[in-house]
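J.: Please find one structure pasted underneath; my questions will follow.
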Amino acid sequence: MIKAMQFVIGMHGKSFSLLLMGTLLTFVLSLYVDMSWGFVVLILHYFLFMDILDKQNNNNIQTFVFSLPITRTMYVVANYLFFVLYTACFVFVLLGVYALVKAIIPSINSVANMGATTIVLGLSVLLIFCFLFPIYHLYTGSGKKSRAFVAIGIIPIYMFSFYGDPVAGYVYQTFTTGQIRLFVFIIVSFIGCAISFGIAREFVEKKNGV
Amino acid sequence: MNAIEVRDVTKQLSHFTIQGLNFSIPKGYVTGFIGQNGSGKTTTIQLIMDVLRPNKGEIKLFDAPNRDVETKQRIGFVYDELYMYQHVTINQMRSFIKPLYDTWDDNLFNYYRREFNLPTRQKIKEFSKGMKMKTSLLFALAHDPELLIMDEPTAGLDPVFRRELIDLFHELMEDEKRTIFFSTHITSDLDRLADYIVLIDYGKIQLQQSMTELEENYHLVKGTKEQLSAIDKEAFLGVRVTNQGFSGLYQGDTQSLLLLQTDQPMVIEKPSLEDMMYLMKGKKR
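This is the structure we're talking about:
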């Protein structure tokens, strides 16, 4: 499993380091300019996930991966573990940077419920991955179909980010304003992740890697 | 022990079907896999490599299922195109492939990288087709595999490097522990290298024999149409008739053909692999 993780980190590590950097820049910028950074972060992740998965398809990476000494299940597990790790990094780095910036420049804008907001956004990022990963593995080699599903997927993200209730603002913020709602969101996210893993594992085990 | 055993394998794809595929590749030899375009060579190789999974049948490598991680450790693979990330350098690529192989040898990697003259700082996407093929070979050889499976490794290479590659394969075979199985359209490469030949046509194995057996048992017979009418066409594995006469692939003793009472003797030659592919095309066995 460690070997599989090393392989997946090697495959995705660079792209996701850049993604995390982009997220951080967006966040730090939002401390100076009042902007909906949560929405930007979600969209940024959505398109970069698509780009990463597209690169895999275009280079026939599955043909390569399935030929390597790694089982398909191991490959899927390693991918999901990687994304859980990424989500954890996302949450801790963002909170760390926020604390640091606040300590250095106390006059900057404060983010309400920063801890809960970061957790909700981190889990939303994980859910985007959980949505895209099985779709790309179901429709490899058939770009139009996967793109159609991916395009549909953007609607909930848009709604999730923009059409909140009038009191709490953005939808994602509704989950950050109450402990029970936050807890439910965390549980639902992990259930979603487990379902996505089961589906992805099934697809990858059966798929032809061309 | 056989290096590869394919037993009753059936695979249905949207555009193509392989049915009841049966063959085995002996350990310690070079086996050439030939057939025309669309005959099922790549599909068969992808089935062996577990990239495609059969609907029926089983594939074993060194007596173990081809899905085994331990078995895959012993295989080096080269496909007709470089299926790797192209936006990285070969050193970056090495960093994440290396941990997967217990027998990975950095000295071997560096040796072949120098031999193939591959740059370490250039991104793979900037490589020429020949360089990409060399990159594929580099990663296939760097863990010192016992079995090398290659799909058209010499395609797109210039004649000089093709010859060098054949020499390299000869070197690899010197210790007699290794097995090479590769598909190619360039049958002259096989004349130089192969010990065994497997011929596939329309998803079915038409022939599997050693080069010695092929040389001894198969004959290319050429003659006039009149001469052909005097022989039972079924005696040939394949016949092509033109305005000038006929050419046919004959298996077995040619004495009976020489005894035929015709105006002029028929020409009997050793067939090339290309002749055999051409004459056996579409032959039902």
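Chains as they are written, first to last, in the UniProt record's numbering: chain A, 1 to 210; chain B, 1 to 285. We treat Cβ as the ideally placed atom computed from N, Cα and C, and that holds for glycine. Values in this document were obtained by computation on a predicted structure and should not be read as measured data.
Helix, strand or coil: which one does DSSP assign to Gly178(A)?
T.: Working through the first sequence from its first residue, we reach residue 178(A) at position 178. Coil.
J.: With the cut-off set at 8 Å, would you say Val69(B) and Ile70(A) are in Cβ contact?
T.: Along the second sequence, one-based indexing puts residue 69(B) at 69. Along the first sequence, one-based indexing puts residue 70(A) at 70. Their beta carbons are under 8 Å apart, which means Val69(B) touches Ile70(A) by this criterion.
J.: Mapping DSSP to helix, strand and coil, what is Gln209(B)?
T.: Stepping through the second sequence from its first residue, residue 209(B) is reached at position 209. In the structure shown, Gln209(B) sits in a strand (DSSP, three-state: E or B).
J.: Under 8 Å, do Lys222(B) and Ser247(B) count as touching if we go by C-beta distance?
T.: Along the second sequence, one-based indexing puts residue 222(B) at 222. Along the second sequence, one-based indexing puts residue 247(B) at 247. For Lys222(B) and Ser247(B), yes; Cβs fall inside 8 Å.
J.: Measuring straight from C-alpha to C-alpha, what distance separates Trp104(B) and Ile75(B)?
T.: Along the second sequence, one-based indexing puts residue 104(B) at 104. Along the second sequence, one-based indexing puts residue 75(B) at 75. Whole-angstrom Cα-Cα distance: 12 Å.
J.: What does Val78(B) pair with, by DSSP beta-bridge criteria?
T.: In the second sequence, residue 78(B) corresponds to position 78, counting from 1. Paired residue(s): Met150(B).
J.: Looking only at its own chain, which residues have a Cβ that is under 7 Å from the Cβ of Lys134(B), when we skip the five neighbours before and after it?
T.: On the second sequence, residue 134(B) is found 134 positions in, with the first residue counted as 1. For Lys134(B), where only same-chain residues beyond five positions count, the Cβ hits under 7 Å are Phe116, Leu118.
J.: Given that a residue counts as buried once 16 or more other Cβ atoms are within 10 Å of its Cβ, and exposed if not, what is Phe131(A)?
T.: One-based indexing of the first sequence puts residue 131(A) at position 131. Answer is buried; the Cβ neighbour count reaches 16.
J.: Between which residues of its own chain and Phe236(B) is the CB-CB distance below 7 Å, once the five residues before and five after are set aside?
T.: Along the second sequence, one-based indexing puts residue 236(B) at 236. If we look at Phe236(B) and ignore the five residues flanking it on each side, its Cβ neighbours are Gly248, Leu249, Tyr250.
J.: Quick one: grab the DSSP three-state call for Leu257(B).
T.: Along the second sequence, read from residue 1 onward, the residue named residue 257(B) stands at position 257. Three-state result, Leu257(B): helix.
J.: Under a three-way DSSP split, which group does Arg72(A) fall into?
T.: Translated into the one-based positions of the first sequence, residue 72(A) becomes position 72. It is helical.
J.: Does the Cβ-Cβ distance between residue 292(B) and Ile200(B) come in under 8 Å?
T.: The shown model of chain B, from 1 to 285, leaves out residue 292(B), and the question about it has no answer.
J.: Taking the alpha carbon of Phe129(A) as the reference point, which residue from Ser189(A), Val93(A), Leu94(A) has its own alpha carbon closest?
T.: As a first step, residue 129(A) is located in the first sequence; it is residue number 129 there, counting from the start. Among Ser189(A), Val93(A), Leu94(A), the Cα nearest to that of Phe129(A) belongs to Ser189(A).
J.: Spell out whether any CB of chain B is found under 8 Å from the CB atom of Gly10(A).
T.: Walking along the first sequence from the start, residue 10(A) turns up at place 10. So yes, Gly10(A) belongs to the interface.
J.: What are the residues in the stretch 63-75 of chain A lying within 7 Å of chain B by C-beta distance?
T.: Those would be Thr63, Phe64, Phe66, Ser67, Leu68, Pro69, Ile70, Thr71, in chain order.
J.: For a cutoff of 8 Å on Cβ pairs, would you count Ser272(B) as touching chain A?
T.: The sequence position of residue 272(B) within the second sequence is 272, counting from 1. No, because no Cβ of chain A sits closer than 8 Å to the Cβ of Ser272(B).
J.: Does Gln73(B) get closer than 8 Å to chain A when you measure Cβ to Cβ?
T.: One-based indexing of the second sequence puts residue 73(B) at position 73. It does; some Cβ of chain A falls within 8 Å.
J.: Ser95(B) versus chain A: which residues are under 7 Å apart at the beta carbon?
T.: What you label residue 95(B) is simply residue 95 of the second sequence in a count that begins at 1. The answer, in chain order, is Gly10.
J.: Assess contact between the stretch 60-68 of chain A and the stretch 42-61 of chain B, defined as three or more Cβ pairs (one per stretch) separated by less than 8 Å. Is contact present?
T.: The answer is yes - the stretch 42-61 of chain B touches the stretch 60-68 of chain A, with three or more Cβ pairs under 8 Å.
J.: Please list the partners that Ile61(A) has in chain B, where partner means a Cβ-to-Cβ separation under 8 Å.
T.: Here the question's residue 61(A) lines up with position 61 in the first sequence. The contacting residues are Tyr83, Met84, Tyr85.
J.: By Cβ distance below 6 Å, which residues in the same chain neighbour Val76(A) in space, the five residues on each side in sequence not counted?
T.: Within the first sequence, residue 76(A) is the residue found at index 76, counting from 1. Here the set comprises Ala200, Arg201, Val204.
J.: For Thr10(B), tell me which candidate among Thr44(B), Leu82(B), Ala230(B) has the shortest Cα-Cα distance.
T.: Here the question's residue 10(B) lines up with position 10 in the second sequence. Answer by Cα proximity: Thr44(B).
J.: Does Asn109(A) get closer than 8 Å to chain B when you measure Cβ to Cβ?
T.: Along the first sequence, one-based indexing puts residue 109(A) at 109. No, its Cβ sits nowhere closer than 8 Å to a Cβ of chain B.
J.: Using a Cβ-Cβ distance cut-off of 8 Å, determine whether Phe16(B) contacts chain A.
T.: Here the question's residue 16(B) lines up with position 16 in the second sequence. Not an interface residue.
J.: Indicate whether Glu152(B) and Asp80(B) have their beta-carbon atoms separated by less than 8 Å.
T.: Residue 152(B) sits at position 152 when you count from the first residue of the second sequence. Residue 80(B) sits at position 80 when you count from the first residue of the second sequence. A contact, by the Cβ cut-off of 8 Å.
J.: Compare the C-beta of Lys3(A) with all C-beta atoms of chain B and state if any pair is closer than 8 Å.
T.: For this step, residue 3(A) is matched to residue 3 along the first sequence. By this cut-off, Lys3(A) is an interface position.
J.: Could you spell out where the beta strand (DSSP E) holding Ala230(B) opens and where it closes?
T.: If you number the second sequence from 1, residue 230(B) lands on position 230. Note, Ala230(B): premise wrong, no beta strand (DSSP E); not H, not E.
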